[in-house]
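To keep things clear, I will list the structure first and then write my remarks on it.
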Amino acid sequence: MMTLVFYTNPQSRGRIARWMLEEVGAPYDTVLLGYADSMKAAEYLAINPMGKVPAIVHDGHVVTECAAICAYLADAFPDAGLAPPTTGRADYYRWLFFAAGPVEQAVIDRSRKIEVTPEQGRMVGYGSYDTTVDALEAAVKGRSFIAGDRFSAADVYVGSHIAWGMMFGTLPKREAFESYLAGLTARPAFQRAHQLDEQAAAA
1 MMTLVFYTNP
11 QSRGRIARWM
21 LEEVGAPYDT
31 VLLGYADSMK
41 AAEYLAINPM
51 GKVPAIVHDG
61 HVVTECAAIC
71 AYLADAFPDA
81 GLAPPTTGRA
91 DYYRWLFFAA
101 GPVEQAVIDR
111 SRKIEVTPEQ
121 GRMVGYGSYD
131 TTVDALEAAV
141 KGRSFIAGDR
151 FSAADVYVGS
161 HIAWGMMFGT
171 LPKREAFESY
181 LAGLTARPAF
191 QRAHQLDEQA
201 AAA
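Using the UniProt record's numbering, the first residue of the sequence shown is number 1, and each one after it goes up by one.
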């Protein structure tokens, strides 16, 4: 029998992986880690040498990094229908990794008050914060899903970035973002994941 173990902290990017796990619907065990202790302990560093969460171990195989976890789970549990057919994955891969690369980098630099000059914009992957945000807005404007006409793992990842960004002010509250996110956060799996993380945080 295959096993699935989820390592997380409820106040972390682990919330992205939790949502994805709930969408998949497969049973999993949760291991809660603390930033200052168990996350840096030898036992967990053997799983993720970065000492960061989330991570999953599926039947002995370790997967880290939220975008990778989302993509992996979609493929590992195809019956959940969270990845488009392989012939229709252009937008799926494009926006999944756009959020993992340019969006995350632009948001982190912005929060650290790092100003990118036009000349430096040629070097950094996201070019400029404004260009990145505008591209993200264009990708979701007037759409329920980021890739095709159905929900996918890319929506878990992109939607999580938009939700966190608007919550913490690292992304602007634009109508397109709010409209796109409204449909995602109404999903039962999102609600279950949110409740589980809130309960874990309270404990």
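Virtual Cβ for every residue (Gly too), placed ideally from N, Cα, C.
- Annotation for K141: A176 place their beta carbon closer than 7 Å to its own, counting only its chain and skipping 5 residues before and after.
- Cβ-Cβ distances below 8 Å link A67 to L96, F97, A99, A100 and Y157 in the same chain, with the five nearest sequence neighbours on each side left out; the list follows chain order.
- Per DSSP, reduced to three states, the secondary structure at L32 is strand.
- When the five nearest sequence neighbours on each side are left out, the beta carbons in the same chain lying within less than 8 Å of the beta carbon of V62 are those of I47, N48, A55 and I56, in order along the chain.
- For V5, there is no enclosing alpha helix (DSSP H); the residue is part of the beta strand (DSSP E) that begins and ends at L4 to T8.
- Taken through DSSP and simplified to helix, strand or coil, V57 comes out as strand.
- Contact check for D155 against R15 fails: the beta carbons are separated by 8 Å or more.
- Contact check for Y93 against A106 fails: the beta carbons are separated by 8 Å or more.
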